[in-house]
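Take a look at the structure below.
2 protein chains.
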Amino acid sequence: MSAERLTRYQQLAEEIADGIRAGLLRPGERLPSVRQTCELRGVSPSTVFQAYGQLESQGLVEARARSGFYVRAAKRATRSTTLQAAKPSGEATPVAISELVFELLGSTRDADVVPLGSAFPAPHLFPFEALARSGARAMRRLPAARITGALTAGDGGLRQTLRRRYALHGVPLAEDELVITNGAMEALNLCLQAVTKPGDLVVVESPTFYAALQALERLHLKAVEVATDPREGVDIGALAVLLERQPVAACWFMPSFQNPLGALMPPERKQALVELLARHRVPLIEDDVYGELHAGARRPPPAKAFDREGGVLHCASFSKCLAPGYRVGWAAAGRYAPVVERLKMSSSLATALPSQLALADYLAQGGFDRHLRRLREALAGQQQHALKLVERHFPSGTRVTRPLGGYFLWLELPPQVDALALHHKARAHHISTAPGVLFSADRRFTHHLRLNVGHPGDPRFDGALRLLGELAHSV
Amino acid sequence: MSAERLTRYQQLAEEIADGIRAGLLRPGERLPSVRQTCELRGVSPSTVFQAYGQLESQGLVEARARSGFYVRAAKRATRSTTLQAAKPSGEATPVAISELVFELLGSTRDADVVPLGSAFPAPHLFPFEALARSGARAMRRLPAARITGALTAGDGGLRQTLRRRYALHGVPLAEDELVITNGAMEALNLCLQAVTKPGDLVVVESPTFYAALQALERLHLKAVEVATDPREGVDIGALAVLLERQPVAACWFMPSFQNPLGALMPPERKQALVELLARHRVPLIEDDVYGELHAGARRPPPAKAFDREGGVLHCASFSKCLAPGYRVGWAAAGRYAPVVERLKMSSSLATALPSQLALADYLAQGGFDRHLRRLREALAGQQQHALKLVERHFPSGTRVTRPLGGYFLWLELPPQVDALALHHKARAHHISTAPGVLFSADRRFTHHLRLNVGHPGDPRFDGALRLLGELAHSV
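So the sequence lines, in the order shown, correspond to chains S and G. According to our numbering, the first sequence is numbered sequentially starting from 1. According to our numbering, the second sequence is numbered sequentially starting from 1.
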């Protein structure tokens, strides 16, 4: 996850992408072989593979079995780039979104509903049997005294393993920086509480994950949105203006595979963000729950990788990449770690031990990275498949993101399509969606939808996506 | 748990207690046999057993094997009754206790410390092996779709089982009233948040459980304390005066086996409390985590049993009576249940499923009540044992509660003993205690201690208690 190596392959990918956009490499044309490019550029084969992988997940090239990489038809490649950054007002807004979220997403988990509005990928993607075996082994082996003695910060073995993973990804953590939580949701909420008091102003992305808005509402905070590019995330210039204009208590951002846009801030942008916030002494709450679900070859570095002053509170979990339902997340909260630990103690005391130990045992078995590779491949393949269905069945004028990770698509429908009406119509057909109004404090994004495409190999999903596209023609 | 039956055996117990206090029955004298009393009073044998059991746990009589019940020496019986209700100021106090709690109790869980300050009973009292077997069975059997589809409110099977237990105890719950939480601590926090906004006034007991003070602090609430009798709990008259004097957002009480006093409000007093609060439309957050740990024959009814208008938010858990570390608690939040569910969703999404399913499976096996009987017996026996040690080794003038359930003793040391100094001295000897200053917003109870006596059969505890008593002589 070191920034330097990423920069090299990203540079290469960017140059090839420029070549494609400029027409120097045309649709159907074969890219130079990996060996050729190595010689030509003086880089390692892995750098070339990573660059080609990135271009593939951007939809600019496609791999053909035993043949190499080819430039794809331009239409798909450009479509995603035409989705423009929203222009938020920049005004502070009190938040009242919880009721709407509850009403619109309450049905997501009904067994007879196709959950295009859900936030979780398909259950068959997760190694639940291996986790159950690990849980049984760990709980039986455990001396009773360790069960009642577990600390608020979480199981020592699990914390050690996590710390090692951070280090491997180029993010050294302090000894006591990690606090294990009841999913990333609790981590984010505790971090937000650690750095704010009622009435404070918090900067969020535009559009933003509705749970961030719910957290602000619960803690009586005000939201101000910052322009967010659908591909590259938060607009640093716009943020700098915001920070000059008013006192800000914190930023809550998802720099990697933002929900709902899927935007991935390039490493330089993440670094600039961390440096800007450090100058203003504004803490960054970094929601990184999709970081492991990169379509490219390597995990993008979190903003936390550029944190020199302990101002980044990095939150993540196993809920989206390994063990939904186990509710194990964590915060690496920098200089706020002691405050977060005290808040954890006073709000839920400790995180469930059976879940923590099942994960610690599973991680010690060594299959996590293999599982992640398969999961990423399945999600990336399904994204391509879903994009084809969207292009085929949705009204012309529909714009769609093409994220480099995660499993959401963000659709901008033609302006005359009322996405909330479409949501209700789809519900009548047993399809849930996450309409755009959920993703801002002032209910903009009226003709937008977030779709969960994390369900590979499920014909119900294909049917639902097709039907949804057809319904969109008539709303 | 019906109030009527309790009243009958309590009436009988009270009459006998009056007889003992009046000297009609003298120390060493044998009580009439169960059969005699049945004939004399026209009551059932179970009523007599319950009455004798209550007298026993009050320390007024003692059972001798194969011989019957005998009146105990008066000294012990009166000692507990001389502990007087504290006189709180009745003023609203902003709360800042968290740092102190963290500092003083942080060491409780070090393996080399005898945890007299801990809030958990001895680990060997819990059926962790059976729970691990249940967890393994439940997780392996579960279809993956149910893992990702589990609702915020909690596993349906577990909620059904809990609802049945409430009904058996005479407390009918509404269909969707239960929300499963990450321990009772999260339940209490969510309930408090559901009924307050920053700046509000909340009534707590005096002394009160420090976690209630921490929750108030976290949510920017003000505490006002109400006089609390060491035996019978909240003073209803004093509360009525408080309610007339100022707007109150909620009460947070522990009507059964209050922490730290161990006070048990009699059913009539609970009923009067619920009715008083209903008249004022003030919700009652009822912390009932020790309810299952009664020394008497039957579970005391919670205040919730008298709730006609959904104003009682009843919170409990398995953490103190079955499965510490599993973090499974719940709220039966009356008319506030939908608000609590939304808050749960937005603050930690859902409770860990492995823990919930382990408990659901364990409860379905039918050994819970047998376990509880053994646990209660072990705790009640240990309380007698610990009381003897306290009487023998602590300075004269020490007053101590004699609770009818739970596993705490509350010691009022002679006024010249600085309990905080004693705490620090004990820590140097690897003994933790919970000093009295933790139990009020304004750091009263300077010569008080809460001791955990939930560790039967552990000679380390006997030694620690003895040493603590000796140290108290020299502080």
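All residues carry an ideal CB built from backbone N, CA and C; glycine is no exception. Given the structure is predicted, the values throughout are model-derived calculations rather than measurements.
Cα-Cα separation, residue i to residue j
i: residue 393/S; j: residue 399/S; result: 12 Å
i: residue 283/S; j: residue 249/S; result: 7 Å
i: residue 447/G; j: residue 422/G; result: 9 Å
i: residue 306/S; j: residue 9/S; result: 19 Å
i: residue 350/S; j: residue 26/G; result: 50 Å
i: residue 242/S; j: residue 226/S; result: 8 Å
i: residue 273/G; j: residue 293/G; result: 22 Å
i: residue 122/S; j: residue 353/G; result: 17 Å
i: residue 268/G; j: residue 343/G; result: 33 Å
i: residue 482/S; j: residue 416/G; result: In this structure chain S extends from 1 to 475, so residue 482/S is not present and cannot be described.
i: residue 346/S; j: residue 95/S; result: 25 Å
i: residue 341/G; j: residue 215/S; result: 14 Å
i: residue 13/S; j: residue 91/S; result: 38 Å
i: residue 259/S; j: residue 208/S; result: 7 Å
i: residue 402/S; j: residue 190/S; result: 32 Å
i: residue 75/S; j: residue 390/S; result: Confidence at residue 75/S is low in this model, with a pLDDT of 47, below 50, so its placement is unreliable and the value that follows should be read with caution. If I take the Cα positions, the gap works out to 13 Å.
i: residue 169/S; j: residue 220/S; result: 36 Å
i: residue 355/G; j: residue 322/G; result: 12 Å
i: residue 224/G; j: residue 251/G; result: 9 Å
i: residue 79/S; j: residue 124/S; result: Any reading at residue 79/S must be qualified, since the residue scores a pLDDT of 38, below 50, and its modelled position is unreliable; the value itself is stated next. So the alpha carbons of these two residues sit roughly 31 Å apart.
i: residue 473/S; j: residue 395/S; result: 6 Å
i: residue 285/G; j: residue 319/G; result: 18 Å
i: residue 271/S; j: residue 469/S; result: 39 Å
Chain S contact residues for residue i, given Cβ-Cβ distances below 7 Å
i: residue 139/G; result: 132, 135
i: residue 214/G; result: 346
i: residue 186/G; result: 347, 348
i: residue 211/G; result: 346
i: residue 128/G; result: 144, 147
i: residue 368/G; result: Result: empty, since nearest Cβ-Cβ is about 18 Å, beyond 7 Å.
i: residue 69/G; result: Near residue 69/G there are no residues of chain S at all, since even the closest Cβ is about 35 Å away, more than 7 Å.
CB-CB length for residue i against residue j, believed under 8 Å
i: residue 449/S; j: residue 434/S; result: 7 Å
i: residue 432/S; j: residue 98/S; result: Their Cβ separation, rounded to whole angstroms, is 18 Å, which puts residue 432/S and residue 98/S out of contact at 8 Å.
i: residue 139/G; j: residue 357/G; result: 6 Å
i: residue 299/G; j: residue 291/G; result: 6 Å
i: residue 147/G; j: residue 328/G; result: Contact flag wrong, Cβ pair sits at about 16 Å.
Distance CB(residue i)-CB(residue j) smaller than 9 Å
i: residue 486/G; j: residue 188/G; result: Summary: the structure shown does not reach residue 486/G, with chain G confined to residues 1 through 475, and so no result is reported for it.
i: residue 114/S; j: residue 461/S; result: yes
i: residue 471/G; j: residue 100/G; result: no
i: residue 161/G; j: residue 363/G; result: yes
i: residue 359/G; j: residue 336/G; result: no
i: residue 333/G; j: residue 339/G; result: yes
i: residue 348/S; j: residue 183/G; result: yes
i: residue 228/G; j: residue 442/G; result: no
i: residue 116/G; j: residue 426/G; result: yes
i: residue 201/S; j: residue 247/S; result: yes
Under 9 Å from the C-beta of residue i: neighbouring residues of chain S
i: residue 343/G; result: 98, 218
i: residue 123/G; result: 143, 144, 145, 146, 147, 148, 149
i: residue 445/G; result: Residues of chain S passing the Cβ test: none, with the nearest at roughly 20 Å.
Chain G contact residues for residue i, given Cβ-Cβ distances below 7 Å
i: residue 358/S; result: 354
i: residue 318/S; result: Correct list: empty, because the minimum Cβ distance to chain G is about 11 Å.
i: residue 439/S; result: The premise fails here: residue 439/S is roughly 15 Å from chain G at the closest Cβ pair, so nothing lies under 7 Å.
8 Å Cβ cut-off: residues of chain S touching residue i
i: residue 198/G; result: 198, 220
i: residue 452/G; result: Correct list: empty, because the minimum Cβ distance to chain S is about 11 Å.
i: residue 461/G; result: Near residue 461/G there are no residues of chain S at all, since even the closest Cβ is about 14 Å away, more than 8 Å.
Beta bridge counterpart(s) of residue i as assigned by DSSP
i: residue 287/G; result: 315/G
i: residue 191/G; result: For residue 191/G, which the question treats as bridged, DSSP gives no partner whatsoever.
i: residue 388/S; result: Answer is none; residue 388/S lacks a bridge partner.
i: residue 439/G; result: DSSP, once it has assigned bridges, lists no residue as partnering residue 439/G.
i: residue 62/G; result: 70/G
Neighbouring residues, chain G, relative to residue i (Cβ below 9 Å)
i: residue 303/S; result: Within 9 Å Cβ-Cβ: nothing; residue 303/S doesn't reach chain G, min ~23 Å.
i: residue 351/S; result: 182, 327, 352
i: residue 408/S; result: Going along chain G, no residue has its Cβ under 9 Å from residue 408/S, so there is no contact; the nearest lies around 16 Å.
Residues that residue i contacts on chain G, provided the C-beta gap is smaller than 8 Å
i: residue 324/S; result: 147, 148
i: residue 259/S; result: Neighbours of residue 259/S on chain G: none; closest Cβ ~14 Å, over 8 Å.
Cβ of residue i within 9 Å of any chain B Cβ
i: residue 324/G; result: Any reference to chain B falls outside this structure, whose protein chains are S and G.
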